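Worksheet: the structure to be examined is printed underneath.
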Amino acid sequence: MTRFVCLSVLVLLAAVAVSSKPNEDYDKEHIAEVAEECKTESGATDEDVEHMMQHEPADSHESKCLRACMLKKFEIMDDEGKLNKENALEMVKVKSKADAEMEAAATEIVDKCEGIEVPEDHCDAAAAYEECIMDHIHEHGLSLE
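So the sequence shown is residues -20 to -1, 1 to 125, counted in mature numbering (1 follows the signal peptide of the UniProt record, and there is no 0).
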């Protein structure tokens, strides 16, 4: 669950509203399909996708853009490059399966990261959100595995 929170909220993330039911949006197969689309759109490599899935920091602009694309496709980042708190929390709610502790931690993380100053470049903004989310996940003692 926490691994998915990171991927989705980033990558941190995520997905509410591609076009299917929420539970279907969040399955691993759908995430992999979106990652492949975003890899192509961003010019990222298979290695960039693997690094993202392993929660490693982006090491190139294309890798940052891969993450921004994922966040946008899952409507976790809006067209202005800002975190969409409502959609991020909805995703967490669906994936947490009524785990109140997980929802509370995720809500706190999203609240903290939503308000950070991010660069205008959406790719760099995605990386900034990811860094914030990862920092707070660790502060909460959550594991990504």
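Using N, Cα and C, we set each Cβ at its ideal position, and we do this for glycine too. All values derive from a computational prediction rather than experimental measurement.
Exercise for the section: Please go through the same chain and pick out, in chain order, the residues whose beta-carbon is closer than 7 Å to the beta-carbon of H41, but skip the five residues on each side of it. Expected result: C103
Practice task
Just mark I96 as buried or exposed, buried being the case when its beta carbon has 16 or more other beta carbons within 10 Å.
Solution key: exposed
Practice task
Would you list the residues sitting across from L63 in a DSSP beta bridge?
Solution key: Per DSSP, M57.
Handout entry: Per-residue DSSP class, three states only, for S40
Key = coil
Exercise for the section: Check whether the Cβ atoms of M114 and H35 sit closer than 8 Å, and answer yes or no. Expected result: yes
Problem - Own chain, CB closer than 6 Å to K53, minus 5 neighbours either side, in chain order - result: V14
Practice task
Measure the alpha-carbon distance for A106 versus T25 and round it to whole angstroms.
Solution key: 17 Å
Handout entry: Coarse secondary structure for I96, derived from DSSP in three states
Key = coil
Handout entry: Proximity of K65 and E94 at Cβ, strictly below 8 Å
Key = For the 8 Å CB-CB criterion, K65 and E94 form a contact.
Exercise for the section: Using alpha carbons as the reference points, say which of D91, M50 and K8 lies closest to E21. Expected result: M50
Exercise for the section: Please report the Cβ distance between L46 and D28, rounded to the nearest whole angstrom; I am assuming they are in contact, meaning their Cβ atoms lie under 8 Å. Expected result: That pair is a contact at about 5 Å.
Problem - Contact set for K92: own chain, Cβ-Cβ below 8 Å, skip 5 residues either direction - result: C112 and H116
Exercise for the section: Return the CA-CA distance between H10 and A38, expressed in angstroms with no decimal places. Expected result: Straight-line measurement puts the Cα of A38 at about 22 Å from the Cα of H10.
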